[in-house]
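One structure is given below, encoded as C-alpha coordinates.
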Amino acid sequence: MMFPTLGFATIFHTLSPKDGLAHPAVISIHQDRIGRIWFGTEEGVSIYDGMHITTYKPYRKNSAPLFLGNSASDITSDINGDIFFRTENGLVRYDLDLEKFHMISRMKINSVYSHQGVIWATTADKLYKWDSKQSKLKYICSLPAKRIYGMLIDHKGDKWFTSDEGLFKTKDYISRKFKEMYNVPPKSYASTENKNK
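Here the sequence shown stands for residues 1 to 197, where the numbers follow this note's numbering.
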(Lines of atoms letter the chains of each structure in order from A and count residues from 1; the text may use other names and numbers.)
(Lines give C-alpha, C1' and ligand atoms only; values in the text may rest on other atoms or scores of the structure.)
Protein backbone atom coordinates (compact mmCIF):
# COMPACT_ATOMS: atom_id res chain seq x y z
CA MET A 1 0.00 0.00 0.00
CA MET A 2 1.35 3.45 -0.97
CA PHE A 3 0.48 6.94 0.20
CA PRO A 4 1.80 9.37 -2.44
CA THR A 5 0.65 12.47 -0.52
CA LEU A 6 2.93 11.68 2.40
CA GLY A 7 6.57 12.74 2.44
CA PHE A 8 7.62 9.57 4.19
CA ALA A 9 6.34 6.09 4.92
CA THR A 10 6.35 4.23 8.19
CA ILE A 11 7.88 0.80 7.89
CA PHE A 12 7.09 -1.91 10.42
CA HIS A 13 9.26 -4.97 10.89
CA THR A 14 7.66 -8.00 12.47
CA LEU A 15 9.33 -10.31 14.97
CA SER A 16 7.63 -13.62 15.60
CA PRO A 17 8.39 -17.08 17.02
CA LYS A 18 9.82 -17.89 13.58
CA ASP A 19 12.53 -15.32 14.34
CA GLY A 20 13.12 -16.77 17.79
CA LEU A 21 10.59 -14.81 19.87
CA ALA A 22 9.57 -16.78 22.96
CA HIS A 23 5.83 -16.38 22.30
CA PRO A 24 3.66 -14.26 19.98
CA ALA A 25 1.89 -12.61 22.94
CA VAL A 26 4.29 -9.84 24.06
CA ILE A 27 3.16 -8.19 27.32
CA SER A 28 6.18 -6.07 28.28
CA ILE A 29 9.08 -4.28 26.58
CA HIS A 30 12.23 -2.60 27.90
CA GLN A 31 15.61 -1.40 26.60
CA ASP A 32 18.65 -2.31 28.70
CA ARG A 33 21.76 -0.17 29.27
CA ILE A 34 23.62 -1.71 26.32
CA GLY A 35 20.80 -1.00 23.89
CA ARG A 36 19.17 -4.40 23.59
CA ILE A 37 15.38 -4.71 23.61
CA TRP A 38 13.78 -7.10 26.10
CA PHE A 39 10.40 -8.62 25.31
CA GLY A 40 8.35 -10.19 28.09
CA THR A 41 5.98 -12.83 26.76
CA GLU A 42 3.56 -15.45 28.02
CA GLU A 43 6.35 -18.03 27.82
CA GLY A 44 9.58 -16.37 28.88
CA VAL A 45 11.74 -13.45 27.77
CA SER A 46 13.46 -12.65 24.49
CA ILE A 47 16.35 -10.22 23.96
CA TYR A 48 16.80 -8.52 20.59
CA ASP A 49 20.14 -6.91 19.72
CA GLY A 50 18.99 -5.52 16.38
CA MET A 51 20.12 -8.59 14.48
CA HIS A 52 19.41 -11.68 16.54
CA ILE A 53 16.98 -12.82 19.21
CA THR A 54 18.09 -14.74 22.29
CA THR A 55 15.25 -16.41 24.16
CA TYR A 56 15.10 -17.59 27.75
CA LYS A 57 12.27 -19.87 28.78
CA PRO A 58 11.96 -20.87 32.43
CA TYR A 59 11.83 -24.62 31.88
CA ARG A 60 14.51 -26.48 29.95
CA LYS A 61 15.05 -30.17 29.32
CA ASN A 62 17.36 -31.86 31.83
CA SER A 63 18.17 -28.54 33.52
CA ALA A 64 17.00 -26.57 36.53
CA PRO A 65 14.55 -23.78 35.64
CA LEU A 66 16.07 -20.37 34.95
CA PHE A 67 13.25 -18.79 36.93
CA LEU A 68 9.80 -19.76 38.20
CA GLY A 69 6.75 -18.81 36.18
CA ASN A 70 6.07 -18.44 32.48
CA SER A 71 4.85 -14.91 31.84
CA ALA A 72 7.28 -11.98 32.12
CA SER A 73 5.65 -8.62 32.94
CA ASP A 74 6.76 -5.12 34.00
CA ILE A 75 10.32 -5.47 32.71
CA THR A 76 12.52 -2.64 34.01
CA SER A 77 16.05 -1.99 35.27
CA ASP A 78 17.84 -0.56 38.29
CA ILE A 79 20.68 1.95 38.58
CA ASN A 80 23.24 -0.82 37.92
CA GLY A 81 21.50 -1.87 34.74
CA ASP A 82 20.25 -5.18 36.14
CA ILE A 83 16.91 -6.30 34.73
CA PHE A 84 13.85 -6.97 36.89
CA PHE A 85 10.50 -8.47 35.93
CA ARG A 86 7.64 -10.29 37.58
CA THR A 87 6.14 -13.65 36.79
CA GLU A 88 3.07 -15.35 38.20
CA ASN A 89 5.44 -16.98 40.72
CA GLY A 90 7.46 -14.03 41.97
CA LEU A 91 10.12 -11.44 41.16
CA VAL A 92 13.14 -12.13 38.95
CA ARG A 93 16.44 -10.25 38.64
CA TYR A 94 18.85 -10.70 35.75
CA ASP A 95 22.45 -9.75 36.51
CA LEU A 96 23.53 -7.99 33.33
CA ASP A 97 27.26 -8.42 34.02
CA LEU A 98 27.13 -12.09 35.04
CA GLU A 99 24.31 -12.89 32.59
CA LYS A 100 22.47 -14.87 35.23
CA PHE A 101 18.86 -15.02 36.46
CA HIS A 102 18.00 -14.88 40.16
CA MET A 103 14.60 -15.65 41.67
CA ILE A 104 14.64 -12.99 44.40
CA SER A 105 11.09 -13.41 45.70
CA ARG A 106 8.35 -16.00 45.45
CA MET A 107 5.64 -13.65 46.65
CA LYS A 108 2.76 -12.80 44.35
CA ILE A 109 3.96 -9.51 42.86
CA ASN A 110 1.31 -7.24 41.33
CA SER A 111 3.58 -4.56 39.88
CA VAL A 112 7.24 -3.62 39.47
CA TYR A 113 8.35 -0.01 38.99
CA SER A 114 11.70 1.74 38.62
CA HIS A 115 12.24 5.36 39.64
CA GLN A 116 15.68 6.97 39.39
CA GLY A 117 17.21 3.51 39.30
CA VAL A 118 15.41 2.29 42.43
CA ILE A 119 13.18 -0.77 42.11
CA TRP A 120 9.78 -0.79 43.83
CA ALA A 121 7.35 -3.70 43.95
CA THR A 122 3.81 -4.13 45.22
CA THR A 123 1.95 -7.21 46.34
CA ALA A 124 -1.81 -7.21 46.91
CA ASP A 125 -1.59 -4.69 49.75
CA LYS A 126 2.08 -4.06 50.55
CA LEU A 127 4.93 -1.94 49.22
CA TYR A 128 8.50 -3.23 48.88
CA LYS A 129 11.82 -1.72 47.78
CA TRP A 130 14.85 -3.54 46.37
CA ASP A 131 17.89 -3.26 48.64
CA SER A 132 20.83 -3.74 46.27
CA LYS A 133 23.40 -3.76 49.08
CA GLN A 134 21.74 -6.67 50.88
CA SER A 135 20.35 -8.19 47.68
CA LYS A 136 16.85 -8.56 49.03
CA LEU A 137 13.38 -7.09 48.80
CA LYS A 138 12.76 -4.81 51.78
CA TYR A 139 9.27 -4.36 53.24
CA ILE A 140 8.24 -0.69 53.37
CA CYS A 141 4.61 -0.50 54.48
CA SER A 142 1.07 -1.81 54.11
CA LEU A 143 -1.20 -0.01 51.66
CA PRO A 144 -4.85 1.01 52.19
CA ALA A 145 -6.37 -1.32 49.61
CA LYS A 146 -7.01 -5.01 49.10
CA ARG A 147 -5.39 -5.12 45.69
CA ILE A 148 -2.76 -2.78 44.21
CA TYR A 149 -2.54 -2.69 40.42
CA GLY A 150 0.37 -0.31 39.88
CA MET A 151 2.36 2.67 41.12
CA LEU A 152 4.14 5.78 39.89
CA ILE A 153 6.43 8.34 41.55
CA ASP A 154 6.00 11.85 40.17
CA HIS A 155 8.52 14.70 39.89
CA LYS A 156 7.61 15.90 43.40
CA GLY A 157 8.33 12.52 44.93
CA ASP A 158 4.68 11.72 45.56
CA LYS A 159 3.88 8.03 45.21
CA TRP A 160 0.67 7.26 43.34
CA PHE A 161 -1.09 3.90 43.56
CA THR A 162 -3.89 2.41 41.50
CA SER A 163 -6.04 -0.10 43.35
CA ASP A 164 -9.36 -1.90 43.54
CA GLU A 165 -10.58 0.84 45.87
CA GLY A 166 -9.59 3.85 43.80
CA LEU A 167 -6.58 6.06 43.22
CA PHE A 168 -4.50 7.36 46.12
CA LYS A 169 -1.12 8.92 46.79
CA THR A 170 1.35 9.56 49.58
CA LYS A 171 4.54 11.51 50.11
CA ASP A 172 5.24 10.20 53.60
CA TYR A 173 4.68 6.44 53.48
CA ILE A 174 6.53 5.99 56.78
CA SER A 175 3.76 7.69 58.77
CA ARG A 176 1.15 6.06 56.49
CA LYS A 177 -0.45 9.36 55.51
CA PHE A 178 -2.34 8.35 52.40
CA LYS A 179 -4.62 10.69 50.49
CA GLU A 180 -7.46 9.22 48.47
CA MET A 181 -7.75 10.97 45.15
CA TYR A 182 -10.91 11.51 43.16
CA ASN A 183 -13.81 9.14 42.71
CA VAL A 184 -12.29 6.91 40.08
CA PRO A 185 -14.03 3.59 39.42
CA PRO A 186 -11.73 0.60 39.98
CA LYS A 187 -9.98 -0.85 36.93
CA SER A 188 -10.76 2.26 34.86
CA TYR A 189 -7.31 3.84 34.76
CA ALA A 190 -3.71 3.32 33.75
CA SER A 191 -0.54 5.16 34.73
CA THR A 192 2.07 6.88 32.61
CA GLU A 193 5.08 9.04 33.31
CA ASN A 194 6.47 12.21 31.76
CA LYS A 195 10.20 12.00 32.52
CA ASN A 196 10.78 15.54 31.22
CA LYS A 197 9.29 16.99 34.40
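Where a beta carbon is used, it is the ideal one built from N, C-alpha and C, also for glycine.
Cβ neighbours of proline 65 within its own chain (closer than 7 angstroms, five residues either side excluded): Pro58, Tyr59.
Aspartate 95 sits in a strand when the DSSP states are folded into three classes. As computed with DSSP, leucine 137 is found in a beta bridge with Trp130. Lysine 136 and lysine 108 have their C-alpha atoms spaced approximately 15 angstroms apart. Residues Ile27, Ser28, Ala72, Ser73, Ile75, Phe85 of the same chain have their beta carbon placed closer than 6 angstroms to that of glycine 40, with the five preceding and five following residues left out of the count. Secondary-structure assignment with DSSP links serine 142 through a beta bridge to Lys126. In this structure, the straight-line span from the alpha carbon of arginine 93 to that of histidine 30 is close to 14 angstroms.
Distance from the CA atom of glycine 81 to the CA atom of tryptophan 38, rounded to whole angstroms, is 13 angstroms. By the criterion of at least three beta-carbon pairs nearer than 8 angstroms, the region 141-161 is not in contact with the region 96-108. Scanning Ile53, Ala124, Gly117 for the CA closest to the CA of leucine 143 turns up Ala124. Judged by beta-carbon spacing, threonine 55 lies beyond the 8 angstroms limit of alanine 25, meaning their Cβ atoms are not closer than that value.
For the set Leu127, Thr122, Val118, the Cα lying nearest the Cα of lysine 133 is the one of Val118. Excluding the 5 residues flanking it on each side, lysine 171 has same chain C-beta neighbours closer than 8 angstroms at Lys156, Gly157, Asp158, Lys159, Lys177, in chain order. Sixteen is the threshold: when 16 or more other Cβ atoms of the shown chains lie within 10 Å of the Cβ of tyrosine 113, as they do, the residue is buried. Across the set Trp130, Arg36, Arg106, Asp49, the C-alpha of Trp130 shows the shortest separation from the C-alpha of glutamine 116.
Residue pairing by DSSP places histidine 52 opposite no residue, since no beta bridge is assigned to it.
Isoleucine 34 has its alpha-carbon roughly 11 angstroms from the corresponding atom of aspartate 97. In this structure, Met151 is the residue among Thr14, Met151, His13 with its C-alpha nearest to the C-alpha of serine 111. The beta-bridge partner set that DSSP reports for phenylalanine 161 consists of Met151, Phe168.
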